[in-house]
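Peer 1:
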Ligand code: 6R9
């Protein structure tokens, strides 16, 4: 998220274009047993702070807070002032103490098919050993630890061990480059790096240690590199600096007394991969963060810890992995699946095989994955028994209505609530989402702010727009898991998030949204992506959703390219479903389809049929690069792309478009 972009073409509020009429009430039986009912909205509205204080009671506090919220230092919030707690104790020890040590915490599934099961009792031992190990290395409360690990149980253990000793962690995606690792280590001045020899991806071992070495080379703050053995392949080794995880933790006691930390003690720094600009170290703290991730995981996913098997497919290097693989589910005593690999290894049914194998009941994934599964075809999930699923969720991007419907029918069997959850690295936890036992959902809408959360859609002057109109999404009240700043840069924190509506004191999220006639919210993507065509604001999301509603289309990315007559012209990049053939006729048909769905003004001037789209590691489309390609400019920063060569394949398929040079 970034509001520093110079591109800001909106002289008026967004138009309200798409008309989606379908509604889905909670399935019979679900509502009666739902964790949260409609009363929560009223309760929170009556007294927001009392509501959050009650939710904080879901946690074990070593010392109760004196005051729920101190907002006098706005925009720097202090929640649960005076309270003290230990996050790892809350996520692990207390479940064991309450007699649930034998419950499975993590079902690990390696990509090659190896498995490992960790009960809460075993997780506690591992976390204690790791906490003792970090202490032996001289890590003290407040010291930063960088974690550069794949999706293996040690990633969860390492994060919890840091939390246990009060050492903020900074997790860096294992697929990020050495230079990305290095800049994050330097910015946080991390003392220790925890990494691995490698991991398994797309059927082959990938070495990680050489990247870690390149990343720490000359990094002055790093004293020790701890290396988890995952692939067993030979690794370069520095005797002065490197130590094996299994040797270091293996010699530690399995007991460790958790210390209680202040509610505002830093828990982690997470750098937003960002589609624009220099990465920002988003800072989260202890009590408010854990309260909101635990509450939202309970409310939105309706977790019944005794019977549910929960699976969030995100990577731990993304905020979704922090909040909804590690802290939220474990605080709630969940049993969850952790999968190392990709959805197409060794075959395109791997996700569904895992759902069937572990009888997964709650699945949380991203629109990018859902659209990929649509592209592959519904006969693949049809080969597996998905009847265990009872709730399915989505996060990361606007979910197009057709993808939502496909997800509900093909994966959810038509009887699971679908929760489209809007939030950000900065918000720490889910903010806008249906409540599965309450909301009558609309495909493509994240519906309403959760109980205790307040959001508005405003125009450029900060005035709320009426129902039926679009504008800018703002958060007008502080919330417990809000970011507490950008690491080391308070001015940038104010400028980026709070300057736009300084008079009103609103947090500006950077996203556009519309309120429909019922006041329900439809997220429209980044405002940087809004197009201005002949004086009309058109959101890329709406044109993309119109394209995806055509049976030939699996995925679409839309951008506004400069145009001498219309200001911007709409250019679409389209991926077809597996069984469809392209051609000039189809392009004309798609142009007509969009014009019919939205209106003639939204008709794309150009449509390119492409094999792939450029995406960040968390699956967000990088429209900026497509814009560069469409305007025949040299490509901007490509370092956050999953696959740096994808733009070559896309530009190679554009008639007449010159190929830009990727910057490193
Ligand atoms: C959790 C996460 C945040 C940005 C956010 C918005 C987009 C996320 C969304 C969504 C529409 C949803 N976004 N969830 N847009 N509907 N359900 O994704 O964090 O990586 O920081 O990205 O992602 O644009 O501002 P992060």
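Numbering (UniProt numbering), first residue to last: 1 to 664. Each residue gets a CB set at the ideal place from its N, CA and C atoms; glycine is no exception. Owing to the predicted nature of the structure, the values given are computational and were not obtained by experimental measurement.
1) For residue 648, is the classification buried or exposed, using 16 other Cβ atoms within 10 angstroms of its Cβ as the cut-off for buried?
2) Give the DSSP-derived three-state secondary structure of residue 261 in the structure shown.
3) In this structure, how does DSSP classify residue 116 when only helix, strand and coil are distinguished?
4) Look at residue 554 and residue 597 and say whether their C-beta atoms are less than 8 Å apart.
5) Could you tell me which of 219, 557, 440 and 567 sits nearest to residue 608, measuring between CA atoms?
6) Here's the rule I'm using: 16 or more other beta-carbon atoms within 10 Å means buried, otherwise exposed. How should residue 537 be labelled?
7) Considering just the uninterrupted stretch of the beta strand (DSSP E) at residue 562, what are its terminal residues?
8) Determine the direct distance from the alpha carbon of residue 582 to that of residue 115, and round the result to whole angstroms.
9) Contact between the region 283 to 300 and the region 136 to 143: three or more CB pairs below 8 Å?
10) Go through its chain and collect everything with a Cβ distance to residue 280's Cβ below 6 Å, but skip five positions before and after it.
11) How many whole angstroms separate the CB atoms of residue 256 and residue 164, which I take to be in contact at a CB cut-off of 8 Å?
12) By DSSP, does residue 32 sit in helix, in strand, or in coil?
13) Going by CA-CA distance only, name the one from 236, 231, 50 and 259 that's closest to residue 93.
14) Between the alpha carbons of residue 440 and residue 346, how many angstroms are there, rounded?
15) Under 8 Å, do residue 308 and residue 334 count as touching if we go by C-beta distance?
16) Can you list, in chain order, the residues of its chain whose CB lies under 7 Å from that of residue 443, leaving out five sequence neighbours each side?
17) In three-state DSSP terms, what is residue 163?
18) Short of 6 Å in beta carbon distance, which residues of its chain neighbour residue 661, apart from the five on each side in sequence? Order them along the chain.
19) Since residue 626 is in the alpha helix (DSSP H), which residue starts that stretch and which ends it?
20) For residue 42, which of helix, strand or coil comes out of DSSP?
21) For residue 322, count the other beta carbons within 10 Å of its own beta carbon; 16 or more makes it buried, fewer makes it exposed. Which is it?
22) Is residue 511 near the ligand 6R9, with its Cβ less than 7 Å from a heavy atom?
23) Is it buried or exposed, residue 519, if we count other Cβ atoms within 10 angstroms and call 16 or more buried?
24) Between the region 113 to 127 and the region 148 to 164, are three or more C-beta pairs nearer than 8 Å?
25) Mapping the DSSP letters down to three states, classify residue 151 as helix, strand or coil.
26) Once the 5 residues before and after residue 385 are set aside, which same chain residues still bring their CB inside 7 Å of it?
27) For residue 83, collect the residues of the same chain with a Cβ closer than 7 Å to its Cβ; drop the 5 residues on either side in sequence, then sort them by chain order.
28) Kindly give me the distance between the Cβ atoms of residue 540 and residue 531, rounded to whole angstroms, as I take these residues to be in contact under 8 Å.
29) Is the separation between the beta-carbon of residue 396 and that of residue 364 shorter than 8 Å?
30) Between 358, 417 and 366, which has its C-alpha nearest residue 388's C-alpha?
31) Give the DSSP-derived three-state secondary structure of residue 514 in the structure shown.
32) Taking 7 Å as the cut-off, is the beta-carbon of residue 280 closer than that to any non-hydrogen atom of the ligand 6R9?
33) When the Cα atoms are used, what is the spatial distance from residue 412 to residue 30?
34) With a cut-off of 8 Å, do at least 3 Cβ pairs link the region 507 to 516 to the region 465 to 477?
35) Is residue 368 near the ligand 6R9, judged by its Cβ being under 7 Å from some heavy atom?
36) In chain order, what are the residue ranges of uninterrupted beta strand (DSSP E) at least 3 long that sit wholly in the region 413 to 476?
Peer 2: Walking through what the data contain:
1) Within the chain shown, the letter at position 648 stands for residue 648. Within 10 angstroms of the beta-carbon of residue 648 lie fewer than 16 other beta-carbons, which makes it exposed.
2) Position 261 of the chain shown holds residue 261. Per DSSP, reduced to three states, the secondary structure at residue 261 is strand.
3) Along the chain shown, one-based indexing puts residue 116 at 116. In the three-state reduction of the DSSP assignment, residue 116 falls in the strand class, which pools E and B.
4) Your numbering for residue 554 matches position 554 in the chain shown. Your numbering for residue 597 matches position 597 in the chain shown. Residue 597 sits away from residue 554, with the two beta carbons spaced by 8 Å or more.
5) On the chain shown, position 608 is the one that residue 608 refers to. Nearest C-alpha to residue 608 among 219, 557, 440 and 567: 557.
6) Walking along the chain shown from the start, residue 537 turns up at place 537. Buried: at least 16 other Cβ atoms inside 10 Å.
7) Locating residue 562 in the chain shown gives position 562, counting from the first residue. Start and end: 553 to 563.
8) Your numbering for residue 115 matches position 115 in the chain shown. Your numbering for residue 582 matches position 582 in the chain shown. About 42 Å.
9) Short answer: they don't touch.
10) To locate residue 280, count along the chain shown from 1; it is residue 280. So the list reads 272 and 486, once near-sequence residues are dropped.
11) As a first step, residue 256 is located in the chain shown; it is residue number 256 there, counting from the start. As a first step, residue 164 is located in the chain shown; it is residue number 164 there, counting from the start. About 7 Å; that satisfies the 8 Å criterion.
12) Counted from its first residue, the chain shown places residue 32 at position 32. Of the three classes helix, strand and coil, the one that applies to residue 32 here is helix, per DSSP.
13) Here residue 93 refers to the residue found at position 93 when the chain shown is read from its first residue. Taking only the C-alpha atoms, the option nearest residue 93 is 259.
14) On the chain shown, residue 440 is found 440 positions in, with the first residue counted as 1. On the chain shown, residue 346 is found 346 positions in, with the first residue counted as 1. Linking residue 440 to residue 346 through their CA atoms gives a straight-line distance of about 38 Å.
15) Within the chain shown, numbered from 1, the residue matching residue 308 stands at position 308. Within the chain shown, numbered from 1, the residue matching residue 334 stands at position 334. A contact, by the Cβ cut-off of 8 Å.
16) Taking the chain shown and counting its residues from 1, one reaches residue 443 at position 443. Cβ neighbours of residue 443 beyond the five flanking positions: 20, 22, 401, 404 and 405.
17) Counted from its first residue, the chain shown places residue 163 at position 163. In the structure shown, residue 163 falls within a helical segment according to DSSP collapsed to helix, strand and coil.
18) Taking the chain shown and counting its residues from 1, the one referred to as residue 661 is at position 661. Confidence at residue 661 is low in this model, with a pLDDT of 28, below 50, so the placement of that residue should be treated as unreliable; the coordinate-derived value is given next. So the list reads 634, once near-sequence residues are dropped.
19) Position 626 of the chain shown, counted from the start, is the residue given in the question as residue 626. Run containing residue 626: 623 to 630, per the alpha helix (DSSP H) assignment.
20) Counting from 1 along the chain shown, the entry for residue 42 is found at position 42. Residue state for residue 42 is assigned as helix, using DSSP reduced to three classes.
21) Translated into positions along the chain shown, residue 322 becomes position 322. Buried: at least 16 other Cβ atoms inside 10 Å.
22) By 1-based counting over the chain shown, the position of residue 511 is 511. At a threshold of 7 Å, residue 511 counts as near the ligand 6R9, since its beta carbon sits closer than that to one of the ligand's heavy atoms.
23) The sequence position of residue 519 within the chain shown is 519, counting from 1. Exposed: under 16 other Cβ atoms inside 10 Å.
24) Judged by Cβ distances under 8 Å, the region 113 to 127 makes contact with the region 148 to 164, as three or more pairs qualify.
25) Within the chain shown, numbered from 1, the residue matching residue 151 stands at position 151. Of the three classes helix, strand and coil, the one that applies to residue 151 here is coil, per DSSP.
26) If you number the chain shown from 1, residue 385 lands on position 385. 356, listed in sequence order.
27) Along the chain shown, one-based indexing puts residue 83 at 83. For residue 83, where only same-chain residues beyond five positions count, the Cβ hits under 7 Å are 61, 63, 64, 65, 263 and 287.
28) Numbered from 1 along the chain shown, position 540 holds the residue referred to as residue 540. Numbered from 1 along the chain shown, position 531 holds the residue referred to as residue 531. That belief holds up - the Cβ atoms of residue 540 and residue 531 are roughly 6 Å apart, short of 8 Å.
29) Translated into the one-based positions of the chain shown, residue 396 becomes position 396. Translated into the one-based positions of the chain shown, residue 364 becomes position 364. Between residue 396 and residue 364, the C-beta gap is not smaller than 8 Å, which leaves the two residues out of contact.
30) Taking the first residue of the chain shown as 1, we reach residue 388 at position 388. The residue with the shortest Cα to Cα distance from residue 388 is 358.
31) Here residue 514 corresponds to residue number 514 of the chain shown, with the count starting at 1. Residue state for residue 514 is assigned as strand, using DSSP reduced to three classes.
32) For the purposes of this step, residue 280 is taken as the residue at position 280 of the chain shown. Not one heavy atom of the ligand 6R9 falls within 7 Å of the beta-carbon of residue 280.
33) Within the chain shown, numbered from 1, the residue matching residue 412 stands at position 412. Within the chain shown, numbered from 1, the residue matching residue 30 stands at position 30. Cα to Cα, the separation comes out at about 14 Å.
34) Yes, they touch.
35) Along the chain shown, one-based indexing puts residue 368 at 368. Relative to the ligand 6R9, residue 368 has its C-beta separated by 7 Å or more from all heavy atoms.
36) For the region 413 to 476, whole beta strand (DSSP E) runs of length 3 or above, ordered along the chain, are 418 to 420, 455 to 458 and 470 to 475.
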